[in-house]
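*Asks:* Residue numbers (the UniProt record's numbering): 1 to 207.
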């Protein structure tokens, strides 16, 4: 009997090839320099196939960012992933901070270079400006969730509000700073992780 899921699987595999090809092109050539024809050639599909799945370059880049953030194409938000549930269940504030920094490093390894593409394109493209704003809002919301965990554990420094703690975390775990440390300063991701966790623990947690 023919597998009725085969067309769906084929479509998913095609999208995966397109996203992988587009990710590499966006990072190397930027938003303006990446065309659907280049993506199609790199993914070994027709340009019509790329248009069929994504329609516009802004939609394609959005999906590239989403997949890079999650690490897969599953429709499960980051904050509903098992690893985040483990952070919510943790009772040691240092474990929460180090766990969040570790997973942030895994994510930033994938997504920071392509987020830089969105940031650079935002100045001259309304769709990219909206995308950058949406991505920034999502990052703030995610960091606020982690700070809420620390607040429930009564672990925040005396006088430190959740809002200020969130701002500190957003800055320390920003994709821009990650790229400065790992590209310009040539740190490895584990080196960035150790330093960032130490800085956040010192800045956020009660002595």
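Every residue gets a Cβ at the ideal spot worked out from N, C-alpha and C, and that includes glycine.
Reducing DSSP to helix, strand and coil, say where residue 173 ends up.
*Replies:* coil
*Asks:* Taking the alpha carbon of residue 59 as the point to measure from, which residue in 199, 19, 90 has its own alpha carbon closest?
*Replies:* 19
*Asks:* Measuring CA to CA, which of 120, 96, 91 is closest to residue 32?
*Replies:* 120
*Asks:* Assuming residue 200 and residue 172 form a contact by the criterion Cβ under 8 Å, report the distance between their Cβ atoms to the nearest whole angstrom.
*Replies:* 6 Å
*Asks:* Could you check what DSSP says for residue 115 in three-state terms: helix, strand or coil?
*Replies:* Reduced to three states, the DSSP call for residue 115 is helix.
*Asks:* Going by the beta-carbon positions, is the gap between residue 68 and residue 110 smaller than 7 Å?
*Replies:* yes
*Asks:* Pick helix, strand or coil for residue 13, following the three-state DSSP scheme.
*Replies:* Three-state result, residue 13: helix.
*Asks:* State the beta-bridge partners of residue 156 as determined by DSSP.
*Replies:* 205
*Asks:* Report yes if the CB atom of residue 35 is closer than 7 Å to the CB atom of residue 26, and no otherwise.
*Replies:* Contact: no.
*Asks:* Give the range of the alpha helix (DSSP H) segment to which residue 41 is assigned.
*Replies:* For residue 41, the enclosing alpha helix (DSSP H) begins and ends at 36-43.
*Asks:* Where are the beta strand (DSSP E) runs, 3 residues long or more, that stay fully inside the stretch 95-152, in chain order?
*Replies:* Entirely contained in the stretch 95-152, not one beta strand (DSSP E) run reaches 3 residues.
*Asks:* Go to residue 49, then tell me how far its alpha helix (DSSP H) extends in each direction, as first and last residue.
*Replies:* 47-54
*Asks:* Quick one: is residue 3 buried, meaning 16 or more other Cβ sit within 10 Å of its Cβ, or exposed?
*Replies:* With a pLDDT of 48 at residue 3, under the threshold of 50, the modelled position of that residue is not reliable, and the figure given next carries that caveat. Answer is exposed; the Cβ neighbour count stays below 16.
*Asks:* Could you tell me the alpha carbon to alpha carbon distance between residue 51 and residue 8, rounded to whole angstroms?
*Replies:* 18 Å
*Asks:* Below 8 Å on the Cβ atoms is my guess for residue 143 versus residue 169; work out the distance and round it to an integer in Å.
*Replies:* 4 Å
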